[in-house]
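Reading the sequence shown from the start, the letters are residues 0 to 476 in numbering that gives the first Met the number 0.
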Amino acid sequence: MESAEIARRFLRFFEERGHTVVPSASLVAEDPTLLLVNAGMVPFKPYFLGQKKPPYPRAASVQKVMRTLDIDEVGKTTRHASFFQMLGNFSFGDYFKDKAIPYAWELLTTPEAQGGFGFSEDRLWVTVFHDDDEARDIWHKQVGVPLERIQRRGLADNYWHMGVPGPGGPCSEIYYDRGPEYGKEGGPVADENRYLEVWNNVFMQFQLSAVRTKIDFDIAGELPAKSVDTGMGLERMAAILQGVDNIYEIDTTYKILDRAAELTRSRYGRDHRADVSLRVVADHMRAGVMLVGDGVLPSNEGRGYVLRRMLRRAIRNLRLLGAGEERYMHELTATTLAVMGEQYPDLKSDAANIHTVIDAEETSFLGTLRTGTAIFDAAVEENKRKGVTVLAGGQAFQLHDTYGFPIDLTLEMASEQGLQVDEDGFRRLMNEQRQRAKADSAAKKTGNADVSVLGEMLDRAGRVDFLGYDHTVAEAR
Ligand code: ATP
Ligand code: MG
Ligand code: MG
Ligand code: MG
0 MESAEIARRF LRFFEERGHT VVPSASLVAE DPTLLLVNAG MVPFKPYFLG QKKPPYPRAA
60 SVQKVMRTLD IDEVGKTTRH ASFFQMLGNF SFGDYFKDKA IPYAWELLTT PEAQGGFGFS
120 EDRLWVTVFH DDDEARDIWH KQVGVPLERI QRRGLADNYW HMGVPGPGGP CSEIYYDRGP
180 EYGKEGGPVA DENRYLEVWN NVFMQFQLSA VRTKIDFDIA GELPAKSVDT GMGLERMAAI
240 LQGVDNIYEI DTTYKILDRA AELTRSRYGR DHRADVSLRV VADHMRAGVM LVGDGVLPSN
300 EGRGYVLRRM LRRAIRNLRL LGAGEERYMH ELTATTLAVM GEQYPDLKSD AANIHTVIDA
360 EETSFLGTLR TGTAIFDAAV EENKRKGVTV LAGGQAFQLH DTYGFPIDLT LEMASEQGLQ
420 VDEDGFRRLM NEQRQRAKAD SAAKKTGNAD VSVLGEMLDR AGRVDFLGYD HTVAEAR
């Protein structure tokens with residue numbers, strides 16, 4: 000079943016059950032606490048909180064999402080993309096667990112010929128929050144799932160909140176058993192690669208007043224109404240329904256991967272490292288094209304930096320695949336536009352602009368790479384000669400400051416050489432520089448403080464601080 004058909008079926012199913020189909024919002028979040036939309040519920044947040052009256056009691060959507068938190072997983076696990084599409088049905092104070100759970104089961108298990116996804120019942124496992132007997136009873140008594148395939152999980156896995164004061168509640172996840180060749184038995188609690196999470200149903204019920212960590216928060220009371228927020232990964236469904244091992248091999252993404260293999264004259268499925276690179280290229284091309292399509296431009300902070308990181312990592316991985324100085328981004332952008340354009344027709348009219356932005360980033364980054372790599376190699380050479388296994392903070396800082404090498408690139412390249420990087424030292428130097436810059440520009444600050452602060456954090460420390468803005472929804476799930 001093609002990706003586009005999966006989306007159509009999902010929407011049709013919920014439309015027939017009284018849901019208003021709402022088009023995807025832009026990846027650029029209106030919500031000031033987020034840089035990028037990272038869950039289907041984000042555009043509906045004010046309805047859950049009771050801050051705005053929803054124009055419809057039920058909605059369904061296919062939302063474009065971006066999870067920077069998952070970037071390091073890309074290409075390595077079988078199930079994490081940076082950009083993906085979340086199918087969701089939502090109830091704003093209308094139905095609750097009693098309807099959401101049977102709906103989910105019906106859609107998943109109805110035969111394909113009758114409009115469903117045709118999963119056989121004994122392949123499906125579910126989890127519920129540890130004390131959520133109500134959900135467990137609905138799964139068991141109303142739907143008929145045997146108790147041995149219903150697992151209880153605690154706050155870390157089965158309670159959703161935003162990471163900041165706001166709505167939250169227990170959730171129930173649905174997993175598909177891919178079979179013994181994917182891992183050990185025992186349900187999702189035992190192995191999340193074999194048991195692939197496809198759908199999360201969140202039962203929004205509480206108002207959280209303080210959130211200290213994911214599992215440490217205060218509940219102030221009940222929300223004005225009990226609501227439902229669900230998220231199903233389109234790409235994960237496609238992997239199952241298309242019988243492929245991972246989300247990079249599905250109809251849409253695989254065409255990009257295949258083109259990258261063709262251009263770099265590599266073969267997918269032969270060498271683990273090359274496979275990871277091909278998957279990273281395919282994923283990041285999709286993310287990059289979709290971000291530019293939503294108006295993001297490469298820059299050194301905030302969402303512009305997320306985009307820059309996607310494009311640069313794609314270019315770097317092409318070089319790891321043997322691209323050398325060859326320029327392949329134009330071709331790969333064209334393939335991505337063709338593949339994604341079927342579901343997102345706006346991409347077609349934006350094609351010229353998207354090419355211009357991505358080509359320009361390639362030009363500038365290839366230049367950076369050329370000089371920076373020479374400096375990096377010299378530093379590595381020197382360290383090896385001295386028997387030093389840690390790249391000094393000052394070296395990383397110089398690469399960043401003088402040659403525009405982002406720290407995550409230095410980290411990645413160092414680890415490829417079996418070297419560590421003194422990140423604390425690097426951060427200290429960055430901080431000092433930032434303090435100096437702050438003194439100069441303190442008066443120039445404008446609004447949108449959240450985003451710029453997070454962007455700075457991100458710029459400062461790369462990977463670690465991606466958590467800074469993604470956790471508000473993604474981590475909490
Ligand atoms: P996982 O535990 O596998 O990381 P999650 O619990 O973080 O997933 P949710 O926040 O519950 O995921 O998101 C809802 C759904 O979106 C998931 O059930 C899954 O189908 C899909 N999904 C989540 N993260 C990704 C990702 N990085 N790439 C592709 N699909 C994803
Ligand atoms: Mg999960
Ligand atoms: Mg989940
Ligand atoms: Mg996750």
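Even for Gly, the Cβ is constructed at its ideal location relative to N, Cα and C.
A quick note: this is a predicted structure, and the numbers were derived from the prediction, not measured.
Residue i CB to nearest heavy atom of ligand 5 below 7 Å
i: Glu196; result: Ligand 5 is absent from the structure shown, which contains only ligand 1, ligand 2, ligand 3 and ligand 4.
Nearest-angstrom beta carbon gap, residue j and residue i [assumed within contact, 8 Å]
i: Ala313; j: His354; result: Not a contact, Cβ separation roughly 15 Å.
i: Gly165; j: Leu48; result: 7 Å
i: Thr229; j: Asn192; result: Contact doesn't hold; Cβ gap of about 23 Å is too wide.
i: Ile246; j: Tyr175; result: With a Cβ gap of about 13 Å, Ile246 and Tyr175 do not count as contacting.
i: Gly114; j: Arg8; result: 6 Å
i: Tyr327; j: Gly371; result: The pair is not a contact, with the Cβ atoms about 20 Å apart (cut-off 8 Å).
i: Trp124; j: Ile100; result: Contact flag wrong, Cβ pair sits at about 14 Å.
i: Pro169; j: Phe216; result: Actually they do not touch by this definition, with Cβ atoms about 13 Å apart.
i: Gly186; j: Arg148; result: 7 Å
i: Thr266; j: Ala260; result: One point to set straight first is that residue 266 is Arg, not Thr, in the sequence displayed. Right, the Cβ-Cβ distance comes to about 6 Å (below 8 Å), so this counts as a contact.
Residues near residue i in its chain [Cβ-Cβ closer than 7 Å; skip 5 each side]
i: Glu341; result: Ala3
i: Val243; result: Ile249
i: Gly454; result: Residue confidence is low: Gly454 scores 38 on pLDDT, short of 50, so the model does not pin down where it sits. Its coordinate-derived value is still stated next. Within the same chain, Gly454 has close Cβ partners Glu300, Gly301 and Tyr304.
i: Ser226; result: Phe47, Ser90, Phe91, Gly92 and Met203
i: Thr19; result: Tyr55, Arg57 and Ala58
i: His329; result: His354 and Asp358
i: Val338; result: Thr251, Lys254 and Ile255
i: Asp349; result: Gly292
i: Ile374; result: Leu398 and Tyr402
i: Met262; result: Here residue 262 turns out to be Leu, not Met, going by the sequence shown. Answer for Leu262: Tyr327 and Glu330, listed in chain order.
Cut-off 6 Å between Cβ atoms - residues of its own chain near residue i, not counting five sequence neighbours on either side
i: Leu310; result: Gly287 and Glu360
i: Leu86; result: Phe9, Val61, Met231 and Leu233
i: Arg476; result: With a pLDDT of 29 at Arg476, under the threshold of 50, the modelled position of that residue is not reliable, and no figure is offered here.
i: Glu172; result: Thr126, Glu196 and Asn199
i: Pro42; result: Ala24
i: Thr252; result: Ala281
i: Val291; result: Ile353 and Val356
i: Ala224; result: Gly92
i: Phe12; result: Leu106
i: Leu296; result: Gly303
i: Arg278; result: Gly74 and Tyr247
i: Gly117; result: Pro110 and Glu111
i: Met0; result: Leu240
i: Val188; result: Gln150
i: Asp131; result: Pro169
Residues bridged to residue i [DSSP beta-bridge criterion]
i: Pro166; result: Gln206
i: Asp176; result: Tyr194
i: Asn199; result: Glu172 and Gly230
i: Tyr158; result: Pro169
i: Lys63; result: Gln84
i: Phe216; result: Val210
i: Ala58; result: Thr19 and Phe89
i: Trp124; result: Tyr174
i: Arg152; result: Phe128
i: Leu296; result: Answer is none; Leu296 lacks a bridge partner.
i: Gln419; result: Val389
i: Glu221; result: Phe205
i: Val288; result: In the DSSP output, where bridge partners are listed per residue, Val288 has none listed.
Min CB distance residue i to chain B below 8 Å
i: Gln419; result: Considering every chain present, this structure includes no chain B. It has just one protein chain.
Proximal residues to residue i (C-beta, below 8 Å), its chain only, five neighbours per side dropped
i: Arg264; result: Gly321
i: Leu418; result: Val379, Asn382, Thr388, Val389 and Leu390
Checklist entry - If you pair each beta-carbon of the region 43-59 with each one of the region 83-103, do three or more pairs fall below 8 Å? => result The answer is yes - the region 83-103 touches the region 43-59, with three or more Cβ pairs under 8 Å.
Next on the checklist: Using 8 Å as the cut-off, can you tell me whether the region 65-80 makes contact with the region 27-40, which would need three or more C-beta pairs spanning the two stretches below that distance?
Outcome noted: The region 65-80 vs the region 27-40: in contact.
Checklist entry - Are at least three pairs of beta-carbons, each pair with one atom in the region 153-162 and one in the region 199-217, less than 8 Å apart? => result With a cut-off of 8 Å on Cβ pairs, the region 153-162 is in contact with the region 199-217, counting three or more such pairs.
Checklist entry - So, do the region 326-337 and the region 377-393 have three or more beta carbon pairs nearer to each other than 8 Å? => result With a cut-off of 8 Å, the region 377-393 and the region 326-337 do not count as touching, because too few Cβ pairs lie within range.
Checklist entry - Taking three-plus beta-carbon pairs below 8 Å as touching, is the region 316-323 in contact with the region 342-353? => result Output reads no: the region 342-353 does not touch the region 316-323.
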